[in-house]
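Undergrad: Sharing a structure below in structure tokens format, with a few things to ask.
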Amino acid sequence: MSKTTPNPTTTAILHRTPWVPPIAVSGSGPYIELDDGRTLLDAVGGAAVACLGSGHPAVNKALKEQVERISYVYNMQLSNQPAEDLAKFLIETSNGAFELVGYASGGTEAMEGVIKLSRQYFVEIGQPKRTNYIARQLSYHGNSVGTLSLAYHPVRRAPYAGILDTEHFHHVSPAYAKRFMKAGESEEEYVERLRAELEAKFIELGPDTVIG
């Protein structure tokens, strides 16, 4: 796809890229039509999470019926039946993995919620000393300051290095045998090395200060 430098004559949006992206005008299944007449095959679901495609009759019907009933309620004050139904379905198909569902608008927001919820849990049970998190290098958990602190993706972190929380977020080696297993090291030895490193980090921080 062509890339052009943004300017006020071509876009009024502060895009996430330094170029103006093409404009999508319609879609059918995995295909996206652009305003210049080209057709794209969306082979990865956008950011790899949008798997329904465009224009599916069942999805269109459900959206139309719901928006004609009610389009939005604030979920701190009200619930709605589709949300309740989806939560029930997720729980019933989880093989007992969880009992409640919390919704978020995206992965970054979900991870921020997990950071806060896990901290709140230990405060509630009388363990306020737990303030440390341990994650793996090269991990990706989102694009907010909090999730960039938790994650360790050097390119994404670099512009914000001065404001990331390095006091409470700590990192150990990635579990990535293809790149980081040593020559002559067996898989069992590699796993043991990672386990020992993680245990050492717990001991360094103090096991009773670690949230997760």
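As numbered in numbering that gives the first Met the number 0, residues 0 to 211 make up the sequence shown, in order.
We treat Cβ as the ideally placed atom computed from N, Cα and C, and that holds for glycine.
The structure presented is a predicted model; accordingly, all values stated were derived computationally and were not measured.
Checking the sheet assignment: what are the DSSP bridge partners for T38?
TA: E32
Undergrad: Report the rounded CA-to-CA distance for S70 versus K60, giving the unit in angstroms.
TA: Computed Cα separation, rounded: 14 Å.
Undergrad: DSSP three-state call for I162: helix, strand or coil?
TA: helix
Undergrad: With DSSP as the reference, please indicate the residues paired to H170 in a beta bridge.
TA: A134
Undergrad: Exposed or buried, which one is E111 when buried takes at least 16 other CB atoms within 10 Å?
TA: buried
Undergrad: So, for N142: in the same chain, excluding its five sequence neighbours on each side, which residues have a beta-carbon less than 6 Å away from its beta-carbon?
TA: T107
Undergrad: Within 10 Å of its beta-carbon, does Y132 have 16 or more other beta-carbons around it, so buried, or fewer, so exposed?
TA: Counting the other CB atoms within 10 Å of its CB gives Y132 a total of 16 or more, which places it among the buried residues.
Undergrad: According to DSSP, which residues form a beta bridge with G26?
TA: I31
Undergrad: Would L149 and I114 qualify as a contact pair, given that the criterion is a beta-carbon distance under 8 Å?
TA: yes
Undergrad: Determine which residues share a DSSP beta bridge with A53 and list them.
TA: The sequence given here places Ser at residue 53; Ala does not occur at that position. Partner(s): G28.
Undergrad: In chain order, which alpha helix (DSSP H) runs of at least 4 residues are fully inside the region 70-148?
TA: 80-91 and 106-123
Undergrad: Please go through the same chain and pick out, in chain order, the residues whose beta-carbon is closer than 8 Å to the beta-carbon of Q136, but skip the five residues on each side of it.
TA: These residues qualify, in order along the chain: Y151, H170, V171, S172 and P173.
Undergrad: For the alpha helix (DSSP H) that contains I202, what are its first and last residues?
TA: E186 to L204
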